[in-house]
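Student: Below you will find the structure I want to go over with you.
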């Protein structure tokens, strides 16, 4: 709720002073599928998670695969990225990875003075998100 109030206040001030405003929203739909395990583990270490828990999670995600059956033949497919859907810890792992990415950008608040600057910031966010 605080974020909505903050954005509303920014809009009010920009209207009052007739300042240009560019709002950008990042849609993290399907984000769980895009988080790579090798990004989660260093993020956990960086945030002070005990090494034994990090090793346990690494073991859980090492050599993951799924098997589908087509025409009576099982096919095993390796899973290289994405946190497990439905696991209670998955949203927390995604949040840890996202916080780590934002921390590496060194942004306290994401504001820009122009559309070009906003686009540059989004490109930078995209690049950091790929690491």
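Numbering (full-length UniProt numbering), first residue to last: 1 to 131.
Backbone N, C-alpha and C define an ideal beta-carbon position, used for all residues, glycine too.
Cutting at 8 Å between CB atoms, please list the residues of its own chain near residue 68, excluding the five before and the five after it.
Tutor: Contacts found: 74, 75 and 77.
Student: Drop a sphere of 10 angstroms on the beta-carbon of residue 129, count the other beta-carbons inside from all chains shown, and report buried for 16 or more, exposed for fewer.
Tutor: Result: buried.
Student: Would you grab the beta carbon distance between residue 118 and residue 22 for me? Rounded to a whole angstrom, and I think it's under 8 Å.
Tutor: Sure, about 5 Å apart at Cβ, within 8 Å.
Student: With 16 other CB atoms within 10 Å as the buried threshold, where does residue 89 fall?
Tutor: Counting Cβ neighbours within 10 Å, residue 89 comes out exposed, since fewer than 16 surround it.
Student: Kindly indicate which three-state DSSP category residue 73 falls into: helix, strand or coil?
Tutor: Residue 73: strand per DSSP, three-state reduction.
Student: Just list the residues that DSSP pairs residue 65 with in beta bridges.
Tutor: In DSSP, residue 65 forms a bridge with 78.
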